[in-house]
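Numbering (my numbering), first residue to last: 376 to 823.
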(Lines of atoms letter the chains of each structure in order from A and count residues from 1; the text may use other names and numbers.)
(Lines give C-alpha, C1' and ligand atoms only; values in the text may rest on other atoms or scores of the structure.)
Protein backbone atom coordinates (compact mmCIF):
# COMPACT_ATOMS: atom_id res chain seq x y z
CA UNK A 1 0.00 0.00 0.00
CA UNK A 2 1.26 3.47 -0.91
CA UNK A 3 1.85 6.22 1.60
CA UNK A 4 -1.12 8.55 1.97
CA UNK A 5 -0.89 11.75 0.00
CA UNK A 6 -3.68 13.44 1.98
CA UNK A 7 -2.78 16.53 4.01
CA UNK A 8 -4.92 17.84 6.87
CA UNK A 9 -5.76 21.45 6.29
CA UNK A 10 -5.92 23.62 9.39
CA UNK A 11 -9.10 25.58 10.16
CA UNK A 12 -9.15 29.31 10.07
CA UNK A 13 -10.72 29.47 13.51
CA UNK A 14 -9.61 27.45 16.53
CA UNK A 15 -6.34 26.15 15.13
CA UNK A 16 -7.84 22.72 14.30
CA UNK A 17 -8.23 20.71 11.06
CA UNK A 18 -10.85 20.74 8.44
CA UNK A 19 -13.53 18.15 9.22
CA UNK A 20 -13.73 16.86 5.65
CA UNK A 21 -9.97 16.22 5.58
CA UNK A 22 -10.10 14.25 8.83
CA UNK A 23 -13.06 12.17 7.58
CA UNK A 24 -11.31 11.55 4.27
CA UNK A 25 -8.24 10.35 6.16
CA UNK A 26 -10.33 8.01 8.28
CA UNK A 27 -12.00 6.66 5.12
CA UNK A 28 -8.58 6.00 3.68
CA UNK A 29 -7.69 4.05 6.79
CA UNK A 30 -10.92 2.06 6.39
CA UNK A 31 -9.96 1.29 2.80
CA UNK A 32 -6.67 -0.09 4.02
CA UNK A 33 -8.48 -2.24 6.54
CA UNK A 34 -10.76 -3.57 3.80
CA UNK A 35 -7.70 -4.37 1.70
CA UNK A 36 -6.23 -6.28 4.63
CA UNK A 37 -9.51 -8.15 5.00
CA UNK A 38 -9.37 -9.10 1.31
CA UNK A 39 -5.85 -10.37 1.76
CA UNK A 40 -7.05 -12.50 4.64
CA UNK A 41 -9.80 -13.91 2.44
CA UNK A 42 -7.23 -14.85 -0.18
CA UNK A 43 -5.13 -16.48 2.53
CA UNK A 44 -8.22 -18.41 3.63
CA UNK A 45 -8.83 -19.65 0.09
CA UNK A 46 -5.19 -20.70 -0.33
CA UNK A 47 -5.23 -22.42 3.06
CA UNK A 48 -8.33 -24.40 2.07
CA UNK A 49 -6.73 -25.57 -1.20
CA UNK A 50 -5.28 -29.02 -1.94
CA UNK A 51 -2.41 -30.29 0.15
CA UNK A 52 -4.05 -29.75 3.58
CA UNK A 53 -6.31 -32.18 5.34
CA UNK A 54 -9.71 -31.29 6.79
CA UNK A 55 -8.37 -30.76 10.28
CA UNK A 56 -5.72 -28.30 9.10
CA UNK A 57 -8.26 -26.47 6.95
CA UNK A 58 -10.61 -26.14 9.94
CA UNK A 59 -7.74 -24.89 12.05
CA UNK A 60 -6.80 -22.19 9.54
CA UNK A 61 -10.44 -21.25 9.09
CA UNK A 62 -10.78 -20.68 12.83
CA UNK A 63 -7.63 -18.56 12.79
CA UNK A 64 -8.99 -16.50 9.89
CA UNK A 65 -12.28 -16.02 11.73
CA UNK A 66 -10.31 -14.72 14.69
CA UNK A 67 -8.40 -12.36 12.42
CA UNK A 68 -11.67 -11.14 10.94
CA UNK A 69 -13.03 -10.51 14.41
CA UNK A 70 -9.91 -8.58 15.32
CA UNK A 71 -10.13 -6.57 12.11
CA UNK A 72 -13.79 -5.87 12.81
CA UNK A 73 -12.87 -4.61 16.25
CA UNK A 74 -10.14 -2.48 14.72
CA UNK A 75 -12.60 -1.12 12.15
CA UNK A 76 -15.07 -0.31 14.88
CA UNK A 77 -12.35 1.38 16.88
CA UNK A 78 -11.33 3.42 13.86
CA UNK A 79 -14.93 4.42 13.20
CA UNK A 80 -15.24 5.40 16.80
CA UNK A 81 -12.06 7.42 16.43
CA UNK A 82 -13.60 9.02 13.34
CA UNK A 83 -16.53 10.15 15.39
CA UNK A 84 -14.26 11.31 18.19
CA UNK A 85 -12.24 13.44 15.78
CA UNK A 86 -15.22 15.69 15.28
CA UNK A 87 -15.25 16.48 18.99
CA UNK A 88 -11.54 16.30 19.84
CA UNK A 89 -9.95 19.27 18.14
CA UNK A 90 -7.96 19.99 21.29
CA UNK A 91 -6.37 16.53 21.54
CA UNK A 92 -4.18 16.66 18.45
CA UNK A 93 -0.80 16.80 20.21
CA UNK A 94 -0.02 13.05 20.47
CA UNK A 95 2.58 11.37 22.55
CA UNK A 96 5.61 10.72 20.38
CA UNK A 97 7.49 8.93 23.14
CA UNK A 98 4.63 6.49 23.73
CA UNK A 99 4.34 5.65 20.04
CA UNK A 100 8.08 5.20 19.75
CA UNK A 101 8.11 2.85 22.73
CA UNK A 102 5.20 0.90 21.30
CA UNK A 103 6.96 0.69 17.95
CA UNK A 104 10.12 -0.58 19.62
CA UNK A 105 8.15 -3.16 21.59
CA UNK A 106 6.44 -4.42 18.44
CA UNK A 107 9.80 -4.59 16.68
CA UNK A 108 11.23 -6.62 19.56
CA UNK A 109 8.27 -8.98 19.42
CA UNK A 110 8.74 -9.39 15.69
CA UNK A 111 12.43 -10.18 16.19
CA UNK A 112 11.55 -12.73 18.84
CA UNK A 113 9.02 -14.29 16.51
CA UNK A 114 11.66 -14.51 13.80
CA UNK A 115 14.03 -16.17 16.26
CA UNK A 116 11.32 -18.67 17.18
CA UNK A 117 10.81 -19.41 13.51
CA UNK A 118 14.56 -19.93 13.10
CA UNK A 119 14.54 -22.26 16.11
CA UNK A 120 11.71 -24.20 14.53
CA UNK A 121 13.73 -24.56 11.34
CA UNK A 122 16.65 -25.87 13.41
CA UNK A 123 14.37 -28.34 15.19
CA UNK A 124 12.94 -29.41 11.86
CA UNK A 125 16.43 -29.96 10.41
CA UNK A 126 17.43 -31.97 13.50
CA UNK A 127 14.29 -34.10 13.19
CA UNK A 128 14.97 -34.71 9.51
CA UNK A 129 18.52 -35.80 10.33
CA UNK A 130 17.23 -38.09 13.06
CA UNK A 131 14.70 -39.61 10.66
CA UNK A 132 17.42 -40.21 8.05
CA UNK A 133 19.62 -41.77 10.73
CA UNK A 134 16.75 -44.00 11.80
CA UNK A 135 16.22 -45.10 8.20
CA UNK A 136 19.90 -45.96 7.92
CA UNK A 137 19.77 -47.87 11.22
CA UNK A 138 16.69 -49.79 10.10
CA UNK A 139 18.40 -50.67 6.83
CA UNK A 140 21.62 -51.77 8.57
CA UNK A 141 20.27 -53.71 11.56
CA UNK A 142 18.67 -56.67 9.71
CA UNK A 143 21.88 -57.29 7.79
CA UNK A 144 23.87 -57.31 11.08
CA UNK A 145 21.27 -59.42 12.88
CA UNK A 146 21.46 -62.31 10.40
CA UNK A 147 24.98 -63.87 10.53
CA UNK A 148 26.24 -66.45 8.11
CA UNK A 149 25.27 -69.81 9.63
CA UNK A 150 26.28 -73.12 8.10
CA UNK A 151 23.80 -75.94 7.71
CA UNK A 152 20.83 -73.53 7.69
CA UNK A 153 18.22 -73.89 4.99
CA UNK A 154 18.72 -71.14 2.38
CA UNK A 155 15.00 -71.03 1.58
CA UNK A 156 14.12 -70.25 5.21
CA UNK A 157 16.75 -67.52 5.39
CA UNK A 158 15.63 -65.96 2.10
CA UNK A 159 12.01 -65.99 3.25
CA UNK A 160 12.95 -64.34 6.54
CA UNK A 161 15.04 -61.69 4.77
CA UNK A 162 12.20 -60.96 2.32
CA UNK A 163 9.83 -60.57 5.26
CA UNK A 164 12.19 -58.11 6.97
CA UNK A 165 12.61 -56.16 3.70
CA UNK A 166 8.82 -55.88 3.38
CA UNK A 167 8.54 -54.60 6.94
CA UNK A 168 11.31 -52.07 6.32
CA UNK A 169 9.54 -50.92 3.15
CA UNK A 170 6.33 -50.40 5.12
CA UNK A 171 8.21 -48.44 7.76
CA UNK A 172 9.89 -46.34 5.06
CA UNK A 173 6.46 -45.59 3.57
CA UNK A 174 5.21 -44.50 6.99
CA UNK A 175 8.23 -42.26 7.46
CA UNK A 176 7.68 -40.79 4.01
CA UNK A 177 4.04 -40.02 4.86
CA UNK A 178 5.11 -38.38 8.12
CA UNK A 179 7.73 -36.37 6.24
CA UNK A 180 5.05 -35.17 3.83
CA UNK A 181 2.93 -34.12 6.80
CA UNK A 182 5.90 -32.19 8.18
CA UNK A 183 6.38 -30.53 4.79
CA UNK A 184 2.71 -29.54 4.82
CA UNK A 185 3.14 -28.04 8.27
CA UNK A 186 6.25 -26.24 7.05
CA UNK A 187 4.25 -24.76 4.19
CA UNK A 188 1.55 -23.65 6.62
CA UNK A 189 4.16 -22.06 8.88
CA UNK A 190 5.74 -20.33 5.90
CA UNK A 191 2.34 -18.98 4.94
CA UNK A 192 1.85 -17.68 8.47
CA UNK A 193 5.28 -16.09 8.32
CA UNK A 194 4.21 -14.30 5.16
CA UNK A 195 1.06 -13.10 6.90
CA UNK A 196 3.12 -11.88 9.84
CA UNK A 197 5.49 -10.08 7.50
CA UNK A 198 2.54 -8.49 5.71
CA UNK A 199 1.02 -7.38 9.01
CA UNK A 200 4.38 -6.01 10.11
CA UNK A 201 4.58 -4.06 6.88
CA UNK A 202 1.06 -2.67 7.37
CA UNK A 203 1.86 -1.73 10.98
CA UNK A 204 4.99 0.04 9.81
CA UNK A 205 3.01 1.97 7.22
CA UNK A 206 0.45 2.94 9.83
CA UNK A 207 3.23 4.08 12.13
CA UNK A 208 4.73 6.09 9.28
CA UNK A 209 1.37 7.74 8.76
CA UNK A 210 1.19 8.47 12.48
CA UNK A 211 4.63 10.02 12.30
CA UNK A 212 3.51 12.14 9.36
CA UNK A 213 0.43 13.26 11.27
CA UNK A 214 2.52 14.04 14.31
CA UNK A 215 4.89 16.08 12.16
CA UNK A 216 1.97 17.99 10.70
CA UNK A 217 0.46 18.31 14.17
CA UNK A 218 3.64 19.71 15.60
CA UNK A 219 3.57 22.45 12.97
CA UNK A 220 -0.12 23.31 12.61
CA UNK A 221 -2.29 21.32 15.05
CA UNK A 222 -3.03 22.50 18.55
CA UNK A 223 -1.34 20.61 21.40
CA UNK A 224 -4.70 19.38 22.65
CA UNK A 225 -5.27 17.21 19.52
CA UNK A 226 -4.26 13.55 20.34
CA UNK A 227 -3.76 11.41 17.24
CA UNK A 228 -2.51 8.50 19.39
CA UNK A 229 -6.05 7.64 20.38
CA UNK A 230 -6.92 7.21 16.71
CA UNK A 231 -4.47 4.32 16.33
CA UNK A 232 -4.57 2.85 19.82
CA UNK A 233 -7.02 0.11 18.87
CA UNK A 234 -5.21 -0.53 15.60
CA UNK A 235 -1.95 -1.02 17.47
CA UNK A 236 -3.60 -3.31 19.97
CA UNK A 237 -5.08 -5.30 17.13
CA UNK A 238 -1.71 -5.58 15.41
CA UNK A 239 -0.16 -6.66 18.68
CA UNK A 240 -2.84 -9.23 19.20
CA UNK A 241 -2.43 -10.56 15.66
CA UNK A 242 1.33 -10.76 16.10
CA UNK A 243 0.94 -12.57 19.41
CA UNK A 244 -1.57 -15.01 17.96
CA UNK A 245 0.67 -15.68 14.97
CA UNK A 246 3.61 -16.31 17.27
CA UNK A 247 1.55 -18.62 19.47
CA UNK A 248 0.29 -20.45 16.39
CA UNK A 249 3.86 -20.87 15.13
CA UNK A 250 5.01 -22.14 18.54
CA UNK A 251 2.07 -24.52 18.72
CA UNK A 252 2.77 -25.82 15.21
CA UNK A 253 6.44 -26.26 16.10
CA UNK A 254 5.57 -28.06 19.31
CA UNK A 255 3.07 -30.34 17.58
CA UNK A 256 5.53 -31.14 14.78
CA UNK A 257 8.26 -31.93 17.30
CA UNK A 258 5.96 -34.14 19.38
CA UNK A 259 4.71 -35.92 16.27
CA UNK A 260 8.27 -36.47 15.02
CA UNK A 261 9.35 -37.79 18.43
CA UNK A 262 6.34 -40.11 18.47
CA UNK A 263 7.17 -41.36 14.97
CA UNK A 264 10.81 -41.96 15.90
CA UNK A 265 9.86 -43.71 19.14
CA UNK A 266 7.31 -45.91 17.42
CA UNK A 267 9.74 -46.75 14.61
CA UNK A 268 12.47 -47.65 17.11
CA UNK A 269 10.10 -49.85 19.10
CA UNK A 270 8.85 -51.67 16.02
CA UNK A 271 12.38 -52.09 14.68
CA UNK A 272 13.64 -53.49 17.99
CA UNK A 273 10.64 -55.82 18.24
CA UNK A 274 11.07 -57.13 14.70
CA UNK A 275 14.81 -57.55 15.15
CA UNK A 276 14.22 -59.47 18.39
CA UNK A 277 11.73 -61.75 16.59
CA UNK A 278 14.21 -62.31 13.77
CA UNK A 279 17.00 -63.11 16.21
CA UNK A 280 14.75 -65.61 18.03
CA UNK A 281 13.86 -67.36 14.77
CA UNK A 282 17.50 -67.43 13.70
CA UNK A 283 18.66 -68.78 17.06
CA UNK A 284 16.02 -71.52 16.97
CA UNK A 285 17.02 -72.42 13.41
CA UNK A 286 20.71 -72.47 14.35
CA UNK A 287 20.05 -74.67 17.39
CA UNK A 288 18.01 -77.09 15.32
CA UNK A 289 20.64 -77.18 12.56
CA UNK A 290 23.43 -77.71 15.11
CA UNK A 291 21.48 -80.53 16.76
CA UNK A 292 20.96 -82.22 13.39
CA UNK A 293 24.63 -81.74 12.51
CA UNK A 294 25.76 -83.20 15.86
CA UNK A 295 23.45 -86.19 15.42
CA UNK A 296 24.74 -86.77 11.87
CA UNK A 297 28.37 -86.51 13.00
CA UNK A 298 27.79 -88.90 15.92
CA UNK A 299 26.10 -91.40 13.61
CA UNK A 300 28.94 -91.12 11.09
CA UNK A 301 31.54 -91.56 13.84
CA UNK A 302 29.74 -94.65 15.16
CA UNK A 303 29.55 -96.15 11.68
CA UNK A 304 33.21 -95.34 11.05
CA UNK A 305 34.19 -96.95 14.34
CA UNK A 306 32.19 -100.08 13.51
CA UNK A 307 33.70 -100.18 10.02
CA UNK A 308 37.21 -99.81 11.44
CA UNK A 309 36.60 -102.63 13.90
CA UNK A 310 35.19 -104.84 11.13
CA UNK A 311 38.13 -103.92 8.88
CA UNK A 312 40.61 -104.95 11.56
CA UNK A 313 38.80 -108.24 12.16
CA UNK A 314 38.61 -109.07 8.45
CA UNK A 315 42.28 -108.11 7.98
CA UNK A 316 43.28 -110.44 10.82
CA UNK A 317 41.17 -113.26 9.38
CA UNK A 318 42.71 -112.79 5.94
CA UNK A 319 46.21 -112.72 7.40
CA UNK A 320 45.53 -115.94 9.31
CA UNK A 321 44.06 -117.57 6.20
CA UNK A 322 46.98 -116.49 4.05
CA UNK A 323 49.50 -117.71 6.64
CA UNK A 324 47.72 -121.09 6.82
CA UNK A 325 47.62 -121.48 3.04
CA UNK A 326 51.28 -120.50 2.77
CA UNK A 327 52.26 -123.07 5.37
CA UNK A 328 50.21 -125.76 3.66
CA UNK A 329 51.75 -124.92 0.27
CA UNK A 330 55.21 -125.23 1.77
CA UNK A 331 54.41 -128.62 3.24
CA UNK A 332 52.93 -129.89 -0.04
CA UNK A 333 55.93 -128.61 -1.99
CA UNK A 334 58.29 -130.45 0.31
CA UNK A 335 56.16 -133.57 0.03
CA UNK A 336 56.09 -133.37 -3.77
CA UNK A 337 59.85 -132.90 -3.91
CA UNK A 338 60.38 -135.97 -1.73
CA UNK A 339 57.94 -138.01 -3.79
CA UNK A 340 59.62 -136.90 -7.00
CA UNK A 341 63.04 -137.89 -5.73
CA UNK A 342 61.79 -141.28 -4.55
CA UNK A 343 59.88 -141.89 -7.79
CA UNK A 344 62.95 -141.06 -9.87
CA UNK A 345 65.08 -143.34 -7.71
CA UNK A 346 62.60 -146.20 -7.99
CA UNK A 347 62.33 -145.70 -11.73
CA UNK A 348 66.10 -145.88 -12.08
CA UNK A 349 66.17 -149.05 -10.00
CA UNK A 350 63.37 -150.57 -12.06
CA UNK A 351 65.17 -149.68 -15.27
CA UNK A 352 68.37 -151.26 -13.97
CA UNK A 353 66.50 -154.44 -13.04
CA UNK A 354 64.91 -154.53 -16.47
CA UNK A 355 68.28 -154.14 -18.15
CA UNK A 356 69.77 -156.93 -16.09
CA UNK A 357 66.82 -159.15 -16.85
CA UNK A 358 67.22 -158.51 -20.56
CA UNK A 359 70.87 -159.40 -20.40
CA UNK A 360 70.02 -162.58 -18.54
CA UNK A 361 67.40 -163.67 -21.02
CA UNK A 362 69.55 -162.94 -24.01
CA UNK A 363 69.11 -161.01 -27.19
CA UNK A 364 65.56 -162.19 -27.69
CA UNK A 365 63.40 -159.17 -27.20
CA UNK A 366 60.78 -159.49 -24.59
CA UNK A 367 57.57 -157.65 -25.45
CA UNK A 368 56.63 -157.54 -21.80
CA UNK A 369 59.82 -155.68 -20.91
CA UNK A 370 59.04 -152.92 -23.39
CA UNK A 371 55.50 -152.83 -22.22
CA UNK A 372 56.72 -152.52 -18.64
CA UNK A 373 59.33 -149.82 -19.33
CA UNK A 374 57.11 -147.47 -21.26
CA UNK A 375 54.39 -147.14 -18.65
CA UNK A 376 57.05 -146.52 -16.00
CA UNK A 377 58.71 -143.84 -18.08
CA UNK A 378 55.37 -142.36 -19.11
CA UNK A 379 54.19 -142.32 -15.53
CA UNK A 380 57.37 -140.63 -14.34
CA UNK A 381 57.22 -138.06 -17.10
CA UNK A 382 53.55 -137.39 -16.41
CA UNK A 383 54.23 -136.94 -12.70
CA UNK A 384 57.11 -134.56 -13.42
CA UNK A 385 54.92 -132.54 -15.78
CA UNK A 386 52.17 -132.30 -13.19
CA UNK A 387 54.62 -131.22 -10.54
CA UNK A 388 56.21 -128.61 -12.79
CA UNK A 389 52.76 -127.30 -13.81
CA UNK A 390 51.75 -126.60 -10.24
CA UNK A 391 50.70 -122.92 -9.79
CA UNK A 392 53.48 -120.59 -8.91
CA UNK A 393 53.31 -119.35 -5.36
CA UNK A 394 53.07 -115.58 -5.51
CA UNK A 395 53.94 -113.26 -2.65
CA UNK A 396 50.89 -112.33 -0.66
CA UNK A 397 50.12 -108.65 -0.36
CA UNK A 398 48.94 -107.63 3.06
CA UNK A 399 47.41 -104.30 1.99
CA UNK A 400 44.53 -103.27 4.16
CA UNK A 401 41.22 -103.38 2.28
CA UNK A 402 39.37 -100.14 1.77
CA UNK A 403 36.76 -99.01 4.21
CA UNK A 404 33.98 -99.47 1.67
CA UNK A 405 34.96 -103.13 1.14
CA UNK A 406 35.01 -103.60 4.89
CA UNK A 407 31.59 -102.01 5.22
CA UNK A 408 30.21 -104.16 2.37
CA UNK A 409 31.71 -107.23 3.99
CA UNK A 410 30.16 -106.32 7.34
CA UNK A 411 26.99 -108.44 6.88
CA UNK A 412 29.22 -111.57 6.32
CA UNK A 413 31.26 -111.00 9.48
CA UNK A 414 32.19 -114.27 11.12
CA UNK A 415 31.76 -116.40 7.93
CA UNK A 416 35.13 -117.83 6.82
CA UNK A 417 35.40 -118.24 3.04
CA UNK A 418 37.82 -120.80 1.58
CA UNK A 419 40.69 -119.37 -0.47
CA UNK A 420 40.52 -120.12 -4.18
CA UNK A 421 43.99 -120.72 -5.76
CA UNK A 422 42.82 -122.43 -8.99
CA UNK A 423 43.22 -126.03 -7.71
CA UNK A 424 42.22 -128.19 -4.77
CA UNK A 425 45.00 -129.11 -2.35
CA UNK A 426 43.16 -132.24 -1.20
CA UNK A 427 42.86 -133.52 -4.78
CA UNK A 428 46.53 -132.76 -5.41
CA UNK A 429 47.55 -134.65 -2.27
CA UNK A 430 45.41 -137.63 -3.23
CA UNK A 431 46.89 -137.66 -6.76
CA UNK A 432 50.42 -137.66 -5.40
CA UNK A 433 49.66 -140.46 -2.98
CA UNK A 434 47.96 -142.51 -5.73
CA UNK A 435 50.93 -142.03 -8.04
CA UNK A 436 53.24 -143.11 -5.30
CA UNK A 437 51.21 -146.23 -4.72
CA UNK A 438 51.09 -147.13 -8.40
CA UNK A 439 54.79 -146.51 -8.87
CA UNK A 440 55.90 -148.57 -5.88
CA UNK A 441 54.05 -151.87 -6.48
CA UNK A 442 57.23 -153.83 -7.39
CA UNK A 443 59.48 -152.02 -4.93
CA UNK A 444 59.55 -151.10 -1.31
CA UNK A 445 57.04 -148.58 0.05
CA UNK A 446 57.95 -144.87 -0.24
CA UNK A 447 58.99 -142.97 2.81
CA UNK A 448 58.56 -139.25 3.47
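C-beta atoms are modelled at their ideal positions from N, C-alpha and C, and glycine is treated no differently.
In the three-state scheme derived from DSSP, where H, G and I count as helix and E and B as strand, residue 721 is classed as helix. Residue 623 and residue 568 have their alpha carbons spaced roughly 10 Å apart.
Remark: C-beta atoms of residue 411 and residue 577 approach each other more closely than 8 Å.
In the structure shown, residue 733 falls within a helical segment according to DSSP collapsed to helix, strand and coil.
The C-beta distance from residue 620 to residue 571 rounds to 5 Å, short enough to meet the 8 Å contact threshold. Cβ atoms of residue 396 and residue 384 come within 8 Å of each other, at about 5 Å. In this structure, residue 627 sits away from residue 574, with a CB-CB distance that is not shorter than 8 Å. For residue 384, the secondary structure class from DSSP, reduced to helix, strand or coil, is coil. Residue 727 and residue 733 have their C-alpha atoms spaced approximately 10 Å apart. Between the C-alpha atoms of residue 701 and residue 693 there is a straight-line separation of about 12 Å.
Judged by beta-carbon spacing, residue 531 lies beyond the 8 Å limit of residue 671, meaning their Cβ atoms are not closer than that value. Inter-residue distance for residue 718 and residue 709 is about 14 Å (C-alpha atoms, whole angstroms). Residue environment analysis places residue 644 among the exposed positions, since fewer than 16 neighbouring C-beta atoms fall within 10 angstroms of its C-beta. Taking the Cα positions, residue 716 is about 48 Å away from residue 684. When the five nearest sequence neighbours on each side are left out, no beta carbon in the same chain lies closer than 7 Å to the beta carbon of residue 695.
If the five residues before and after residue 633 are omitted, its C-beta is found closer than 7 Å to no C-beta atom of its own chain.
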